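Engineer: Quick one: this structure, given as structure tokens, is what I'll be asking you about.
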Amino acid sequence: MTLRAIRTWAALTLLACLTLTGCAHVQPPVPLDQQFWDAKEPTIGVAITVVPPPVLALTGNQGLLDYAINKGVNSKLSDNVEKWQVRDLNTLPDVIVAKLEAKGFKVKRINEPVNLQAYKEKSYREGYTVRDLTPLKATYGVDRLLLVNVFATGATRSYYGFVPTSVPMAQVAGQGMVVDLADNRLLWFKPFSIVQAAQGEWDEPTYTNLSNAFYQAMDTSRQQMITPFEQ
């Protein structure tokens with residue numbers, strides 16, 4: 049991965065954290081502890097946000113004319129990226145529900161996507177969500193919320209002006225969390241950002257290698273969300 053790609057993904061990780069923690073603060077990861085595994089009485093609601101459709105993100109220092117040129121040059125690639133499928137991300141809650149049920153937890157699958165922006169924003173406090181998610185307790189009859197929040201899918205390519213500074217790379221980014229709906233406390237918080245380069249030439253006529261890289265990135269993202277609940 050290039051230095052520019054690393055910087056791009058550092059920024060995306062920051063964006064992921066800001067979704068729940070406000071403009072000036074970044075919530076550090078919160079690992080699952082033994083208290084979580086010992087508490088079998090609370091009902092856990094498992095949900096996902098609306099997964100954004102795959103797009104080609106053109107990043108870097110570009111003027112308006114540069115961006116228009118770069119967008120035109122990459123139009124075929126962009127059209128291809130938009131055809132990629134994200135259904136494997138949407139099935140994540142079902143897999144996690146099965147894992148938790150197998151360990152004796154009381155679990156409820158929340159079928160409607162959770163819109164974080166619909167909930168009142170609060171001042172930042174480390175270890176707590178900045179959105180007040182407590183109304184979900186009464187709405188769904190659950191004590192805790194396990195939420196997968198995916199905020200970026202597709203591919204990214206960086207530019208300086210109209211000069212490319214990286215090849216296109218597949219990307220998937222988001223965060224997972226378990227929230228105590230009594231007080232918005234984070235019992236688990238894990239940001240993820242996966243960048244996957246194509247194996248072989250990326251600019252084949254149908255972009256097969258880059259497409260494969262995207263599905264690999266998606267699978268890695270899934271595993272990062274599932275593995276903590278396989279202990």
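The sequence shown lines up with residues 49 to 279 when you count with this note's numbering. The beta carbon of each residue, even a glycine, is placed where N, CA and C say it ideally should be. Computed from a predicted structure; not experimentally measured.
#1: Keeping to the same chain, check which residues put their C-beta closer than 6 Å to that of residue 269; ignore five residues upstream and five downstream.
#2: Quick one: measure Cβ to Cβ for residue 244 and residue 217, integer angstroms, because I've assumed they're closer than 8 Å.
#3: May I ask you to report which of helix, strand or coil DSSP gives residue 110?
#4: With contact counted as at least three CB pairs below 8 Å, one residue from each stretch, are the region 250-261 and the region 225-234 in contact?
#5: Among 99, 274, 147, which has the Cα closest to the Cα of residue 134?
#6: Could you give the residue range of the alpha helix (DSSP H) that holds residue 277?
#7: Below 8 Å CB to CB, which residues in the same chain sit around residue 71 once its five sequence neighbours on both sides are set aside?
#8: Spell out the partners DSSP gives residue 95 in its beta bridges.
#9: Report the partner residues of residue 206 according to the DSSP bridge assignment.
#10: Give me whichever residues DSSP pairs with residue 244 in a beta bridge.
#11: Please work out which residues of its chain come closer than 7 Å, Cβ to Cβ, to residue 210, disregarding the five sequence neighbours upstream and downstream, and give them in chain order.
#12: Is it buried or exposed, residue 188, if we count other Cβ atoms within 10 angstroms and call 16 or more buried?
#13: For residue 250, collect the residues of the same chain with a Cβ closer than 7 Å to its Cβ; drop the 5 residues on either side in sequence, then sort them by chain order.
#14: What is the DSSP secondary structure of residue 259, reduced to helix, strand or coil?
Structural biologist: Once the coordinates are examined:
#1: 220, 240, 242
#2: 6 Å
#3: coil
#4: no
#5: 99
#6: Per DSSP, residue 277 is not a residue of any alpha helix (DSSP H), being assigned neither H nor E.
#7: Since pLDDT at residue 71 reaches only 48, below the 50 mark, its modelled position is unreliable, and the value read off the structure follows with that caveat. Excluding positions up to five away in sequence, the list is empty.
#8: 195
#9: 107
#10: 218
#11: 114, 117, 118
#12: buried
#13: 215, 216, 257, 258
#14: helix
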